[in-house]
Amino acid sequence: MASERLRVAVLLSGTGRTLENLLDRRATGELDIDIPIVVSSRPSVRGIEIAQAAGIDTHVVTRKQCPTPSAMSARLRELLAPHGIGLIALAGYLSRLEILPEWEGRMINVHPSLLPLFGGHGQYGGRVHEAVLAAGVKVSGCTVHFVDAEYDAGPIILQRCVAVAEDDTPDTLGARVFAAEQVAYPEAIQMFQTGRLRIEGRRVRVIDAPI
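The sequence shown begins at -17 in this note's numbering and counts up by one.
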């Protein structure tokens, strides 16, 4: 049985590369989703321009406007409510949220390391790749996970590995990790959309697609 088109809200704080990737995958038919709303925690970022160019309802909600996680989540709830959202996808979103009951199991994030390594508060973007290289590990990658109350600690949906080269810089490693994210995030969204994910405690089981 074909899955219904999933309505995805995207939350971002920066360049919008992940949003751009999801829009591209939708355009090619790889993802059968709608993205009716994008919310940025920062004004004047490229992600807003990408969303507006795609005709998406776009909003900015800053920490100054909503200084606490509960206030931020309350405002997001108001914005998302009219859109019939089935999944919330974080795409480089840097504001802390209070995870509302209706969001549990319906909010995901992609992180540029193999969690639980190199995650947590303050670990995002180039900082992650700098930490990976400083630690001397030989393999990095990306992780798609459900979002819970702790930074980068929710149940893991899938991971993709990327070898660390001897001459890597944060930029070169980051480029290869992002290429892995471009495949992994749409794959995880497809798994969610087709009902293949089951959260069991701290573990996510991937089951065969329902018939």
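Here a beta-carbon is modelled for each residue, glycine too, at the ideal position from N, C-alpha and C.
Please read these numbers as outputs of a predicted model, since none were measured by experiment.
TODO: Note down, in chain order, each residue of its chain lying with its Cβ closer than 6 Å to the Cβ of Val20, except the 5 sequence neighbours on either side.
DONE: Val(-8), Ala33, Ile38 and Thr40
Open item on the list: From the DSSP secondary-structure annotation, give me the bridge partner or partners of Asn3.
Closed with: Bridge partners of Asn3: none, in fact.
Open item on the list: With three or more C-beta pairs closer than 8 Å as the rule, is the region 91 to 100 touching the region 124 to 131?
Closed with: yes
Open item on the list: For Pro18, report the span of its beta strand (DSSP E) as first-last.
Closed with: Ile15 to Ser22
- [ ] Assign Val43 to buried or exposed, taking buried as 16 or more other Cβ atoms, counted over all protein chains shown, within 10 Å of its Cβ.
- [x] Residue burial is scored here from C-beta neighbours: Val43 has at least 16 other C-beta atoms within 10 angstroms and is therefore classed as buried.
Open item on the list: For the beta strand (DSSP E) containing Ala147, name the first residue and the last one.
Closed with: No residue range can be given for Ala147, since it is assigned to no beta strand (DSSP E) and is classified by DSSP as neither H nor E.
- [ ] Assign Leu82 to one of three DSSP states: helix, strand, or coil.
- [x] Reduced to three states, the DSSP call for Leu82 is coil.
Open item on the list: Within 10 Å of its beta-carbon, does Val188 have 16 or more other beta-carbons around it, so buried, or fewer, so exposed?
Closed with: exposed
- [ ] Would you mind sorting Thr0 into buried or exposed? The rule is 16 or more other CB atoms within 10 Å of its CB.
- [x] Buried is the call here.
Open item on the list: On the DSSP bridge list, what partners appear for Phe128?
Closed with: Ile90
TODO: Could you name the residues that DSSP lists as bridge partners for Ile181?
DONE: Val186
- [ ] Please work out which residues of its chain come closer than 8 Å, Cβ to Cβ, to Met173, disregarding the five sequence neighbours upstream and downstream, and give them in chain order.
- [x] Around Met173: Ile139, Leu140, Leu179 and Val188.
TODO: Using three-state DSSP, classify Thr154 as helix, strand or coil.
DONE: Correct three-state label for Thr154: helix.
- [ ] Could you give the DSSP three-state label for Thr176: helix, strand or coil?
- [x] Residue state, collapsed to three classes: coil.
Open item on the list: I need the straight-line Cα distance from Ala35 to Ile17, nearest angstrom please.
Closed with: 13 Å
- [ ] Could you tell me the boundaries of the alpha helix (DSSP H) in which His41 lies?
- [x] Note, His41: premise wrong, no alpha helix (DSSP H); beta strand (DSSP E) at Asp39 to Val42.
Task: Whole-angstrom distance between Ile15 and Ala(-16), CA atom to CA atom - done: Residue placement at Ala(-16) is flagged as unreliable, the pLDDT there being 47, under the threshold of 50; the coordinate-derived value follows with that caveat. Approximately 13 Å, taken between the alpha carbons.
Open item on the list: On the DSSP letters alone, give me the boundaries of the alpha helix (DSSP H) that Arg109 sits inside.
Closed with: Gly108 to Ala117
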